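Student:
In the working numbering, the protein residues as written are 2 to 230.
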């Protein structure tokens, strides 16, 4: 099994199964959305595209942020805490975020990328099981946050690889280190929003969900779908 760890500077090297990691917060948030019975999630490139879809389909639910804040006209921000108790039963979600969702469109253009799934701590064991079940030869991990060394996305990748090798890293140590890391500042020390401290805590929960989230790229817009293991 071959592993690649990439970020936005070298996406052209991506191939095989591609796991797009966004721990804080997009791909933690989307796990909570699917756990609350959402039918599917349509990814859009920008805020206006989402608003247009909402006008055409009033029952769609808009989730989005820029700079960490909820977008004007959207139903919810990119917050697992805000969404963890919302009933999305049968709903179609439309989602756009500063980092995570954009990477799907960038990577979907690469012919060597055979499959795209989301990555986070909250469904880490399911990701590992999915990889093992399908016997992938090449795994590409993409960190959507490359602002600091050993940040939350990179540590999530390291944890996933350690599990695939049968020698899991100590998650409690990872969590402890990330709490002291610069990435925690806008969530804990100087929270951007009232939900930020709770979002940080929820994003650093391990193996809460037993499903993966896979991109359906056969349509005009990328659609995320839940696959239960």
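For every residue, glycine included, the Cβ atom is placed at its ideal position computed from N, Cα and C. Model, not experiment: these values are computed from the prediction.
Would you mind working out which of 135, 221 and 81 sits nearest residue 23, comparing C-alpha positions?
Tutor: Nearest C-alpha to residue 23: 81.
Student: Excluding the five sequence neighbours on either side, which residues of its own chain have a C-beta within less than 7 Å of the C-beta of residue 101, listed in chain order?
Tutor: Result list for residue 101: 21, 23, 27, 28 and 145, in chain order.
Student: Of all the alpha helix (DSSP H) runs that stay within the bounds of the stretch 17 to 43, which reach a length of 4 or more residues?
Tutor: Counting whole runs of 4 or more residues, the stretch 17 to 43 contains the alpha helix (DSSP H) stretches 27 to 36.
Student: Does the Cβ-Cβ distance between residue 94 and residue 118 come in under 8 Å?
Tutor: No, the pair does not count as a contact, with Cβ atoms beyond the cut-off.
Student: Whose C-beta lies closer than 6 Å to the C-beta of residue 218 among residues of the same chain, with five residues either side of it excluded?
Tutor: Closer than 6 Å at the Cβ level, and outside the excluded window around residue 218, lie 109.
Student: Report the three-state DSSP secondary structure of residue 215 (helix, strand or coil).
Tutor: Of the three classes helix, strand and coil, the one that applies to residue 215 here is strand, per DSSP.
Student: Confirm, please, whether the CB-CB distance from residue 204 to residue 122 is below 8 Å.
Tutor: Cβ atoms of residue 122 and residue 204: closer than 8 Å.
Student: Examine the Cβ distances between the stretch 123 to 134 and the stretch 54 to 74 and report whether three or more of them are shorter than 8 Å.
Tutor: Flag = no, the stretch 123 to 134 and the stretch 54 to 74 do not touch.
Student: Looking at the secondary structure, which residues open and close the beta strand (DSSP E) in which residue 2 lies?
Tutor: Looking at the DSSP string, residue 2 is not in any beta strand (DSSP E), and its letter there is neither H nor E.
Student: Which same chain residues, not among the five before or five after residue 8, have their C-beta less than 6 Å away from its C-beta?
Tutor: Answer for residue 8: 144 and 147, listed in chain order.
Student: Determine the burial state of residue 243: buried for a count of at least 16 other Cβ atoms within 10 Å of its Cβ, exposed for fewer.
Tutor: Beyond the ends of the chain as shown, which are 2 and 230, falls residue 243; an answer cannot be given.
Student: Along the chain, where does the alpha helix (DSSP H) that runs through residue 102 open and close?
Tutor: It spans 101 to 109 - the alpha helix (DSSP H) in which residue 102 sits, taken as one unbroken run.
Student: Would you call the stretch 148 to 160 and the stretch 174 to 185 in contact, with 3 or more CB pairs under 8 Å?
Tutor: Contact between the stretch 148 to 160 and the stretch 174 to 185 is present, because at least three Cβ pairs lie under 8 Å.
Student: Distance, Cα to Cα, residue 3 vs residue 180?
Tutor: Approximately 30 Å, taken between the alpha carbons.
Student: DSSP on residue 50, reduced to helix/strand/coil?
Tutor: It is helical.
Student: Jot down the residue ranges of each uninterrupted alpha helix (DSSP H) in the stretch 126 to 197, minimum 4 residues, whole runs only, in chain order.
Tutor: If we require 4 residues or more, the alpha helix (DSSP H) runs fully inside the stretch 126 to 197 come out as 153 to 165 and 172 to 181.
Student: The beta strand (DSSP E) spanning residue 116 covers which residue range?
Tutor: Residue 116 -> beta strand (DSSP E) spans 114 to 120.
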